[in-house]
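Enquirer: Please find one structure pasted underneath; my questions will follow.
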Amino acid sequence: MADNNFDIVIIGAGPGGYVAAIKAAQLGYKVACIEEDNPGGVCLNWGCIPTKALLESAAMITHLGHAAEFGVTVGEIKTDMAQAVKRSRQVSERLTKGVGFLFKKNKVTHLPGRGRLAGKGKVEVTPKDGGAKQTVTAKHVIIATGSKPRDLPFLKIDHERVWDSTDAMLAKEAPKTLAVVGAGAIGCEFADVYAAFGTKVTIIEMADRILPLEDRDCSAVVEKSYKKRGMQILTSVKLDKAEVGAGGVKLSITDAKGQTQVIEAERVLSAIGRVPLTADLGLESAGVKLTDRGFIGVDRQMRTNVEGIYAIGDVAGPPLLAHKGSHEGVACIEGIHGDPHAGIDYNNIPNCTYCHPEVASIGLTEEQARAQGIDIQVGVFPWTANGRALTAGETDGFVKVIRDTKYSELVGAHIVGPHATELIAEFVVGRHLETTVEEMDRAMHPHPTLSEAIGEAALAALGHALHI
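This is how it looks when you write it as structure tokens:
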């Protein structure tokens, strides 16, 4: 029984759970991490990493289509969805094995199986292969079980005609037609992939634009690009019903004017969001309270209402992002270790969508800032005025900086275009260090680089951009 006693037990080995386990072990705790599948969670196995590999394949197809402009002649471009999926799985497997290596390096005990609270300081582990259950004990138990795709009552995910994101990632052939229901990050990324592989894509979104959580102008750039690539985009529509047949799916929709139409597609991707995985964890018997949206309620140091029980990542509430979960894992362990300042700045979490053109943001949008009554000045610098973007042939989009005129605080930053998801980190660090927009400009940016647009957008927010 001595081997079953730990200082910290973590249920779930996703980006939150495995990072928390490693951090705890580095601080000298005896740690066990319970996971019934491969370490890495949805992110490494079925989400962030393999989808980005598919998006790189899609980008390669698009770039080859413009090769002649760069003085390179190629023959007929043939796509192979099965090979792209195979490569994405290889990338994923390499990283999940890496987590296993890190567990061994840091002496984290991996307990294969499903974890469930079984009394104060106790967790029951049920092996996936149906073997004998075991009970482990710990002073601290962290729940990091993540989330799963949500579906609609009349559009149930059947993994055949109606896909979730995992199904879309494992398809060996691209369907002739695909309807994507939901135009958030997941929906837009898969629309990008399948359009590149020759599928006729229709995007259906209830909001008045795609990527509705992003800056309105950024959404417009992506929509224009998608339409240019032949995608059909239907926004401000209500999905009324779905008929799933042997040969495809019929979706009945009503637009903002009350007009109805039927969309037929070989496959449908349901990308309407995710719900927390809280079932069968013993939460109710342990007395752990949920929020009105079904997430586990936690405080700044990720503590639930029950002493010794914590929750991190998707299961602890939005935004449902891997990097947010990882940071919560570290903050949770630091809190357990006695750091009174441990916590997360939820106002400085970057959003990234890896479609082409890429979209990334931090802080408030223009609309949000004005709605809060903040006196702002907005600066926009287009990629058409950036030398590095011109050399790469990627000039769609811009960098936008929103500043508070009172203190010149960096209220928000929004990028749509090449490598937006990399460039946004400069704004994240700037906001973390409480920089002013003047300081963002005065930090020297190398030439010629995309990063110059950050300094120029900062200048534009001050009213005196140099190169536009």
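In the UniProt record's numbering, the protein residues as written are 1 to 468.
Just so it is clear, CB atoms sit at the ideal spot from N, CA and C, and this is done for glycine as well.
Does the stretch 49-68 come close enough to the stretch 17-26 that 3 or more CB-CB pairs lie under 8 Å?
Expert: The answer is no - the stretch 49-68 does not touch the stretch 17-26, with fewer than three Cβ pairs under 8 Å.
Enquirer: With 16 other CB atoms within 10 Å as the buried threshold, where does M1 fall?
Expert: For M1, the pLDDT reaches just 41, beneath the cut-off of 50, and the residue's location in the model is therefore unreliable, although a value from the coordinates is still provided. Flag for M1 reads exposed.
Enquirer: With a Cβ-Cβ cutoff of 7 Å, do I349 and I424 count as a contact?
Expert: No. Outside cutoff.
Enquirer: Sorted by chain position, which residues of the same chain lie with C-beta nearer than 8 Å to Y407's C-beta, five sequence neighbours on each side aside?
Expert: Excluding positions up to five away in sequence, the list reads T436.
Enquirer: By the DSSP assignment, the beta strand (DSSP E) with R116 in it spans what residues?
Expert: Counting along the chain, the beta strand (DSSP E) containing R116 begins and ends at R114 to L117.
Enquirer: For the stretch 400-418 against the stretch 448-466, are there 3 or more C-beta pairs whose distance is under 8 Å?
Expert: Short answer: they touch.
Enquirer: Return the chain-ordered list of same chain residues with a C-beta closer than 7 Å to the C-beta of G198, the five sequence neighbours on each side being excluded.
Expert: Around G198: T79 and A174.
Enquirer: If we call anything under 7 Å between Cβ atoms a contact, is A461 one with R403?
Expert: Yes, the Cβ-Cβ distance between A461 and R403 is below 7 Å.
Enquirer: Relative to the C-alpha of E426, which candidate in A457, V193 and L152 has its C-alpha closest?
Expert: Among A457, V193 and L152, the Cα nearest to that of E426 belongs to A457.
Enquirer: Going by beta carbon distance, what residues of the same chain come within less than 7 Å of F398, once the five residues before and after it are set aside?
Expert: Answer for F398: V380, F381, P382, W383, V416 and G417, listed in chain order.
Enquirer: Is it right to say G14 is buried, meaning 16 or more other beta carbons lie within 10 angstroms of its own, or is it exposed?
Expert: By the neighbour-count rule (16 or more Cβ atoms within 10 Å), G14 is buried.
Enquirer: Could you check whether N305 and K289 sit closer than 7 Å to each other, using their CB atoms as the reference points?
Expert: Yes; because the gap between Cβ atoms is below 7 Å, this pair is in contact.
Enquirer: Residue range of the alpha helix (DSSP H) that V221 falls in?
Expert: Start and end: R216 to K228.
Enquirer: In whole angstroms, what separates the C-alpha of I157 from that of E409?
Expert: Between I157 and E409, the C-alpha separation is close to 45 Å.
Enquirer: According to DSSP, is S361 helix, strand or coil?
Expert: Strand at S361.
Enquirer: Please report whether the beta-carbon of A342 lies at a distance below 7 Å from any beta-carbon of chain D.
Expert: Absence of chain D from the displayed structure is noted, only one protein chain being present.
Enquirer: Could you check the C-alpha separation between A183 and A132 for me, to the nearest Å?
Expert: Answer to the nearest angstrom: the Cα atoms are 44 Å apart.
Enquirer: On the premise that T109 lies in contact with N38, defined as a C-beta separation below 8 Å, what is that separation, rounded to the nearest angstrom?
Expert: That belief does not hold up - the Cβ atoms of N38 and T109 are roughly 16 Å apart, past 8 Å.
Enquirer: Looking only at its own chain, which residues have a Cβ that is under 6 Å from the Cβ of V202, when we skip the five neighbours before and after it?
Expert: Per the sequence shown, the amino acid found at residue 202 is Thr instead of Val. Excluding residues within five positions, the ones whose Cβ falls inside 6 Å are A179, Q232 and I263.
Enquirer: Pull up the distance between the alpha-carbon of F70 and that of A191, whole angstroms please.
Expert: Straight-line Cα distance between these residues: approximately 27 Å.
Enquirer: Exposed or buried, Q301, counting other C-beta atoms within 10 Å across all chains shown (16 or more means buried)?
Expert: So Q301 ends up on the buried side.
Enquirer: Excluding five sequence neighbours on each side, which residues of the same chain lie with their C-beta closer than 7 Å to the C-beta of C188?
Expert: These residues qualify, in order along the chain: I210, L211, V222, T353 and C355.
Enquirer: How is P149 classed by DSSP in three states: helix, strand or coil?
Expert: The answer is strand: DSSP assigns P149 an E or B state.
Enquirer: To the nearest angstrom, how far is the alpha carbon of P153 from that of K250?
Expert: The straight-line gap from Cα to Cα measures roughly 15 Å.
Enquirer: Using DSSP with H/G/I as helix, E/B as strand and the rest coil, what is Y194?
Expert: It is helical.
Enquirer: Within 8 Å, do at least three Cβ pairs link the stretch 254-262 to the stretch 119-138?
Expert: No: fewer than three Cβ pairs fall under 8 Å.
Enquirer: My output table needs one value for N45: the three-state DSSP class, helix, strand or coil.
Expert: Three-state result, N45: helix.
Enquirer: What are the boundary residues of the alpha helix (DSSP H) that includes Q26?
Expert: Taken as a continuous stretch (DSSP letters only), the alpha helix (DSSP H) holding Q26 covers G17 to Q26.
Enquirer: Kindly indicate which residue of F6, C43 and I10 has the alpha-carbon position closest to the one of Y29.
Expert: Of the candidates F6, C43 and I10, the one whose C-alpha sits nearest the C-alpha of Y29 is F6.
Enquirer: Output the boundary residues of the beta strand (DSSP E) element that contains C33.
Expert: Taken as a continuous stretch (DSSP letters only), the beta strand (DSSP E) holding C33 covers V31 to E35.
Enquirer: Rounded to a whole number of angstroms, what is the C-alpha to C-alpha distance between G317 and H467?
Expert: Those two C-alpha atoms are separated by around 42 Å.
Enquirer: Pick from S252, K120 and K104: whose alpha carbon is nearest that of L283?
Expert: Cα-wise, what sits closest to L283 is K120.
Enquirer: Which residue comes first and which comes last in the beta strand (DSSP E) that contains R209?
Expert: Note, R209: premise wrong, no beta strand (DSSP E); not H, not E.
Enquirer: Curious, which full-length alpha helix (DSSP H) runs of at least 4 residues does the stretch 418-445 contain?
Expert: Complete alpha helix (DSSP H) runs here, min 4: 420-432 and 437-442.
Enquirer: For G273, I'd like the list of residues in its chain whose CB is within less than 6 Å of its CB, leaving aside the five on either flank, ordered along the chain.
Expert: If we look at G273 and ignore the five residues flanking it on each side, its Cβ neighbours are R150.
Enquirer: Kindly give me the distance between the Cβ atoms of S165 and V275, rounded to whole angstroms, as I take these residues to be in contact under 8 Å.
Expert: At roughly 13 Å, the Cβ-Cβ gap does not stay under 8 Å, so S165 and V275 are not in contact.
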